[in-house]
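4 protein chains.
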Amino acid sequence: MQKCGNNKIEMRKITILIHCEDQKAIIASVTNYIASIEGNIIYLDQHVDADENVFFMRLECEFSSQNWDIEIIKNDFQTNLATPFNMYWEIYTQEQKPKMALFVSKYDHCLYDILGRYSAGELPLEIPLIVSNHEDLRSVAKRFEIPFHYVPFTKEIKAQGEQQQMDLLKKYDIDFIVLARYMQIITPNLITLYRNQIINIHHSFLPAFPGAKPYHSAFKRGVKIIGATSHYVTEGLDEGPIIEQDIARVSHSHSIEDFIMKGRYLERSVLARAVKLHAERKTMVYNNKTVVFS
Amino acid sequence: MQKCGNNKIEMRKITILIHCEDQKAIIASVTNYIASIEGNIIYLDQHVDADENVFFMRLECEFSSQNWDIEIIKNDFQTNLATPFNMYWEIYTQEQKPKMALFVSKYDHCLYDILGRYSAGELPLEIPLIVSNHEDLRSVAKRFEIPFHYVPFTKEIKAQGEQQQMDLLKKYDIDFIVLARYMQIITPNLITLYRNQIINIHHSFLPAFPGAKPYHSAFKRGVKIIGATSHYVTEGLDEGPIIEQDIARVSHSHSIEDFIMKGRYLERSVLARAVKLHAERKTMVYNNKTVVFS
Amino acid sequence: MQKCGNNKIEMRKITILIHCEDQKAIIASVTNYIASIEGNIIYLDQHVDADENVFFMRLECEFSSQNWDIEIIKNDFQTNLATPFNMYWEIYTQEQKPKMALFVSKYDHCLYDILGRYSAGELPLEIPLIVSNHEDLRSVAKRFEIPFHYVPFTKEIKAQGEQQQMDLLKKYDIDFIVLARYMQIITPNLITLYRNQIINIHHSFLPAFPGAKPYHSAFKRGVKIIGATSHYVTEGLDEGPIIEQDIARVSHSHSIEDFIMKGRYLERSVLARAVKLHAERKTMVYNNKTVVFS
Amino acid sequence: MQKCGNNKIEMRKITILIHCEDQKAIIASVTNYIASIEGNIIYLDQHVDADENVFFMRLECEFSSQNWDIEIIKNDFQTNLATPFNMYWEIYTQEQKPKMALFVSKYDHCLYDILGRYSAGELPLEIPLIVSNHEDLRSVAKRFEIPFHYVPFTKEIKAQGEQQQMDLLKKYDIDFIVLARYMQIITPNLITLYRNQIINIHHSFLPAFPGAKPYHSAFKRGVKIIGATSHYVTEGLDEGPIIEQDIARVSHSHSIEDFIMKGRYLERSVLARAVKLHAERKTMVYNNKTVVFS
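Chains as they are written, first to last, in the UniProt record's numbering: chain A, 1 to 294; chain B, 1 to 294; chain C, 1 to 294; chain D, 1 to 294.
Next up, the structure:
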C-alpha cells in the first residue's frame, strides 16, 4: 500500500467484490496479485461465514500506471485468481455509475427524499427512469426532470404490465430497481431478471409485522419502538435479504397517525442508506443474508 | 402549585394513579381537590386512549400540613372523586417501597445487574426473596445477603412447585415478581394472583422472535438490529403488555455468540429500566398495552 | 374531557401556551375555565422549572359550539386567567399556519429536504419566501415554485442587506425564519425582531465544536459520535436555546468526508424535526432553554 | 484460510496487532507469512490513516500444528516482517488474560457493574486488585472476594500515594488500570508507566463539558442529549484518546438528579464496553486517537 496524495498523476480506482468457498491463502493470493500490478490497496474488508464455509472480500485499489487497462486486469484476475479459487467476482471502475429505476405508486415522501439527495449529489448513481402504476407523481418527476412512465398494473393485466416494465428497463439500460413505496407485487420474472437488484422499503422492523398495515399492527400490539427495513426483493413477501434497518421510539401518547408520520422519517432514511450502500457496491448476498461492508 | 425549597417543614409526597372512562372535567375536579387540601402538584401527566375512550392520569403532590393523614385523603378521594367518576385509582406515599421477588434459573447476568443497582441505591424497592428452580445462583444471592429459596419446578411437580412459590410470596409479603431470565412457565394461578405484577425480560424485539432461541432465529434471518423486550406476563407466551424495549446494531460480522453477548447488555438494561418504572408506579395497564408516564 | 368521534358537528381546535410564575391552582383554574366554555381537553402537558419557579403549560382543546368565537375566548382568557395569574400566553387556532422564510447560501441538502417534506404535506406551515446571499440555489426554489430573493450580504453592505431582508420579511408577512445552512451572521436587529423565531442548524453536538469547521475538529479529536444541533438564534454564536439534537456513530475508518456526509443526514433530520416542533407551537423558551412538549 | 470445525485437534488461537508506516505489500507479506506457517486467518481488519500515512492491522489466526511454539513465531515475525517493514507489533495467545486493577473512590455503580460482568464471565481478564483513596467500597470488594487496598491520596501526600500505587501494581503484576469513577488525579509518572493502559470514564460527551460537574453544566446549557466517554488517560485532563462514547436523550422535564441517574446508566455501559475492547486487544492508539477494531 502507498498513499497517493495530491500528486499530478491521475489515479484510477477500482472496486473488487469476491466470494468463494473458504480456502487457504485467498487473501495472500489476491493481495499479492494487486501488488504485482502496482496497485495500492486503499480499503480491504473480508468476512468468513463459518456456518456456510464461504469467504467474502471487498477491496478498493488505486492504480497510477498510465498503461492501465481494466479489461486486461479482468482477464488476468479470471485466469490467475478466479479460476483456481473458483471465485464469484465483480470488478467496477469508479466511473461506472449504476443506473437505477424508481418504482412508485402514490406516496411521495420517499420519492422526494431520493430525488433530493440525488440532486444534492449524494448518491453515486443515475436515475434515468421513474415507473408508476398511477399518474399522481408525474408532477414530482417533472420537477426533477426525470422521465416518468405510467405503467398500469393490476391482477387482470399483469402480463402486459410486466412486459411494459421489462421493455422500459431494457430501453433505459437499468442496473437496479428501487421500490419507493411501490404498492404492487413484483412478478417472479422480474425478480429473476433482477436477482438481488431490486430494493424495497418495508415500513416495519422485519420480521415483525410483514405484509399490509404494519403501523396499525404495531399500534395494536403496544410496541415501544417502531422500525423500517430495506431489503432485496425475493419471491417470499418481505422475506428477502435485509440490507438496512432503523428504529424510532414511540409511546402510549402516540396515535396511529403519529406512528405513520414517525415511520415516514424512518422509511426515508433507511431506504436512502440502502440505496447508497448498493450503489457503492458495498453489499453482497448469500444464503438470503447480506454482507454489508460499510 | 407551589415550590417548596429547602424549608424546614417536612413535606409528605404522594403519587396518585387514576383511570376511568373519559368524561368532562376530570382534570379540573382532581386538581381542584388537590388545591382544596393544600397540596402542591409537582407532576401531572395524563393520557386519553381515544379508541377505548379511557382516561389515565398520574400525579405527584406534596403536602406540608402537619395534620396530614393519608387515610383521610384516601377516604375523601373515594367519596368526592372516585365514586362520581367511577374511577380505578391507587394512592401511594413515598415511603411505601414495593417488595419484589426475583425468579432466576441459571443465567446470572440480569441477577448481578439488578442486585448491583439495588445495592447502589438506584432502585426504590426491597428485595426480600430470590426464588430459583436451580441451586446454581445461591452463591450470588449469598454475596448480596438475600434469602434464596430453591423451588424445583418441572411439569411433573407443577402443582407442588406453584404451591411452594405462593407460600413464599405470601410469607415475604411480595408485591411484584421479576423474572430475571427464569426459564420456566409461570402458572395461570400465579399470573391471576399477580396480574400485571410479574415482569419478564424476553431476549428479542417482540413481536419478532417469540419463544425459544430468539438470537438463533435473528441470526438466521440476517437482521441488522437485535432487541430485548420487557413485558408483563400474561397467559399468552411473550404476548403481555410491553413496558420497555431497546435495540443494538449487529452486522454480518457477528456470530450467534456475538448476538448473545450483545443481547445480554440489552437484557440487563431493558429489564432494569422496566423494574424501575414499575417500582416508581409509572406504569398502568389497559387492554394489553401499557401507559408509561416517564 | 369527552371524545368527539366522527360525528357531524364540525370541531374547532385551539392550542394554548402559557407560562407564568408558579402559583397554586393554575391547572385547576385553566381546566375549570375550559370546562366552563364546553371545551374538551385533548392534550395537556405542564412543566415546572423548580430552579426558576416558572410554570409552563400547553393545551389542545376542541369546541363543538356553533357560536364559537376565538376573539371572545381570548378576551375571556385575558380577563379571567392571564391578568390574575400574570400569565404570558398564546392561543392559536388550527387553521393559522405560520409563515416561514428559508435563508440559504450554497448548501442544498437541507433546502431539498425541507422543500420535499413541505411538498409531501408533512409540515404545518407555509413557505412564501426563500432568501439567499448567493444565486446558486435559485434553480431549486424554481423547481418547487417558491419565490427566491437574492440579497447580497457581506460585512461592507451589512446595513443594506439587513434592510432588504427586513423589507422582504415584512412584505411576505413572515412569522419565523429557518437558516438552512445559511452561512452569514444574522444581525442583532433581526434577532431582536424575530426573538426565538429564528431556527439554525449547527453541524455539531453543541456545546462541543461551536463555530466553523466542526467536522474537522471532531475528526481531529477522534470522537466516536458526531452530532447536529438545532437551536434558536441569539446574539451569542451557537449559544441559543437548543430545540433538538441527534447523533451518529463514527469510527477510525471514517474520513473527514465521511463525517461530512453522515453529518448531512443528521443536519437534515434534526432541522426538519425542529421546524416541525416550532410550527406546531410545541416549543417555549425561557432562560435560554427550551421546553419542548412533544 | 480454512474452517476448523469441531474436529479433535486442539486449535491454538493468536491475535496480532501491527502498525507501521504505510508501504506497499504489507498485507500480502503478512498473510503470506501466516499461510507459510499453516495458520488460518479467522479475522483480518486493517486501516490506513491517510493523513499520517500509518498502517494498522489486527489479525486473529488459528493453528492446529502440534509442534506450535509461540516464541518461534514471535522470532520469525520479528525477523521476516517487523524488521523489514519497521513495524510496531504485539502478539497474544488466547490464554493470556490481561490483569486489571480497579481504582475507585466512593461511587459504587461502575464498580458493581464491572464486578457483576466479571463474575458472570463476560470479561476476558483478571481482577487481582482494587485500589481506593477511601475505605467506603471495601465491603463491595469483599462481596466479590477481591483484594482491596486503601491508598490515601491527597495533594499533600502525592509522592507517597503514588509510590504505594506503584508498589501494588508491581506486586500484582498489573497490565492495565481502570478508573471506575476514581476521583483523584493520576500522576504523570503513573501515566508514563501505563501509557495507553489507563482507562477513565468521564461523565459527559467529550469534548463537551470536561472537568468537574458535567451534568450540572449540561443541565444549565439545556442540552437534549447527555453522554459519557471512556478514554485513555493522558497528561491533559479529559483529553486522552477516546475509546467509546454513548448518549441518552433528556428533556426539559428532567432535573439534574435525573441527568445524574440517566448518566449512571451510560457510564456503566460505556466503561464496560471500553474495558472489554481493551481486554480483547481490539484497540490501538496513535496520535491521540484510537483505532478500534470491533
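For glycine and all other residues, C-beta sits at the position ideal for the given N, C-alpha and C.
Within the stretch 151 to 210 of chain B, ranges of the beta strand (DSSP E) (whole runs, at least 3 residues) = 176 to 179 and 198 to 202
key: Per-residue burial, ASN6/B [other beta carbons within 10 Å of its own, 16 or more giving buried]   = Interpretation of ASN6/B is limited by its pLDDT of 49, a score under 50 that renders its predicted location unreliable; the figure taken from the coordinates is listed afterwards. Its Cβ having fewer than 16 others within 10 Å, ASN6/B is exposed.
request  = Kindly list, in the order they appear in chain D, the residues whose Cβ is closer than 7 Å to that of GLU257/B.
outcome  = Those within 7 Å of GLU257/B in chain D number zero; the least Cβ separation is about 12 Å.
ask   = In the structure shown, what three-state DSSP assignment does ASP22/A receive?
value = coil
ask   = Excluding the five sequence neighbours on either side, which residues of its own chain have a C-beta within less than 7 Å of the C-beta of ASN133/C, listed in chain order?
value = SER105, VAL151, PRO152, PHE153 and GLN184
query = Would ILE42/C pass as a contact of VAL48/B if the rule is Cβ separation under 8 Å?
reply = Against a cut-off of 8 Å, the Cβ pair of VAL48/B and ILE42/C comes out as a contact.
query = Counting only beta-carbon atoms, is SER119/D nearer than 8 Å to chain B?
reply = yes
ask   = Looking only at C-alpha atoms, which of THR187/B, ARG12/B, GLY161/B and VAL285/B sits nearest to ASN67/B?
value = ARG12/B
message = So, at 7 Å on beta carbons, what are the nonlocal neighbours of LYS3/A in its own chain, with the 5 sequence-adjacent residues on each side left out?
response = At LYS3/A, the pLDDT of 44 sits below 50, so the modelled position is not reliable; the number obtained from the coordinates is stated separately. Here the set comprises nothing.
key: ASP76/B to ILE186/B span [Cα, whole Å]   = Rounded to the nearest angstrom, the gap between the Cα atoms of ASP76/B and ILE186/B is 38 Å.
query = Just checking, does the stretch 79 to 98 of chain D make contact with the stretch 161 to 169 of chain D on the three C-beta pairs under 8 Å criterion?
reply = no
key: Where residue 295/B falls, given that 16 or more other Cβ within 10 Å makes a residue buried   = Residue 295/B lies beyond the range of chain B shown here (1 to 294); nothing can be said about it.
message = Which residues of the stretch 127 to 146 of chain A have a Cβ closer than 8 Å to any Cβ of chain C? Give them in chain order.
response = VAL140, ARG143 and PHE144
ask   = Taking the Cβ atom as the reference point for each residue, do LEU123/C and VAL275/C lie within a distance shorter than 8 Å?
value = yes
query = Can you name the residues that DSSP bridges to LEU17/A?
reply = ARG58/A and GLU90/A
key: Rounded Cβ spacing between LYS247/A and GLY227/A (contact assumed at less than 8 Å)   = According to the sequence displayed, residue 247/A carries Ile and not Lys. With a Cβ gap of about 4 Å, ILE247/A and GLY227/A count as contacting.
key: Straight-line gap, THR19/A to MET57/D (C-alpha atoms, nearest Å)   = Note on identity: in this sequence residue 19/A is His, with Thr being the wrong assignment. Straight-line Cα distance between these residues: approximately 22 Å.
Three CB pairs or more closer than 8 Å across the stretch 249 to 256 of chain A and the stretch 192 to 207 of chain A = no
ask   = Where are the beta strand (DSSP E) runs, 3 residues long or more, that stay fully inside the stretch 70 to 122 of chain B, in chain order?
value = 88 to 93 and 99 to 104
request  = Could you spell out where the beta strand (DSSP E) holding GLU257/B opens and where it closes?
outcome  = In the DSSP annotation of this structure, GLU257/B is not part of any beta strand (DSSP E); the continuous alpha helix (DSSP H) holding it starts and ends at 256 to 279.
inquiry  = Strictly below 7 Å CB to CB, what residues from chain A border TYR265/C?
reply    = SER269
message = So the candidates are ARG138/D, LYS155/D and ASN189/D; which of them puts its Cα closest to the Cα of PHE148/D?
response = ARG138/D
request  = Sort out for me which residues DSSP pairs ASP45/A with in a bridge.
outcome  = ARG58/A and ASP45/D
request  = Would you verify that the beta carbon of THR290/D is, or is not, closer than 8 Å to some beta carbon of chain C?
outcome  = yes
ask   = Going along the chain, which residues of the stretch 193 to 218 of chain C sit with their C-beta nearer than 8 Å to a C-beta in chain D?
value = PHE205, LEU206, PRO207, ALA208 and PHE209
key: First through last residue of the alpha helix (DSSP H) which encompasses HIS216/A   = First-last of the alpha helix (DSSP H) with HIS216/A: 214 to 221.
task = Could you tell me whether the stretch 204 to 214 of chain B touches the stretch 235 to 243 of chain B, where touching means 3 or more Cβ pairs closer than 8 Å?
result = yes
message = In whole angstroms, give me the CA-to-CA distance for MET1/B and THR31/C.
response = Any reading at MET1/B needs caution, since the residue's pLDDT is 39, under 50, leaving its predicted position unreliable; the model's value is listed next. Using only the alpha carbons, I get a separation of about 14 Å.
key: Any C-beta of chain D under 8 Å from that of ILE27/A   = yes
ask   = Any idea if GLY211/A is buried or exposed, counting beta-carbon neighbours within 10 angstroms, 16 or more meaning buried?
value = exposed
request  = Let me know the secondary structure DSSP gives ASN32/C once reduced to three states.
outcome  = helix
message = On the criterion of 16 or more Cβ atoms from any shown chain inside 10 Å, does THR192/B qualify as buried, or is it exposed?
response = exposed
request  = Out of LEU190/A, ILE146/A and ILE27/A, point me to the one whose CA is closest to ALA159/A's CA.
outcome  = Ranking LEU190/A, ILE146/A and ILE27/A by Cα distance to ALA159/A puts LEU190/A first.
request  = For MET87/A, return the contacting residues in chain C, with the cut-off set at a CB-CB distance below 9 Å.
outcome  = Residues of chain C passing the Cβ test: none, with the nearest at roughly 25 Å.
Where LYS289/D sits in the DSSP three-state scheme = For LYS289/D, the three-state secondary structure derived from DSSP is strand.
inquiry  = As a quick exercise: from HIS216/B, LYS224/B, TYR215/B and ILE127/B, pick the residue whose alpha carbon is nearest that of ILE177/B.
reply    = ILE127/B
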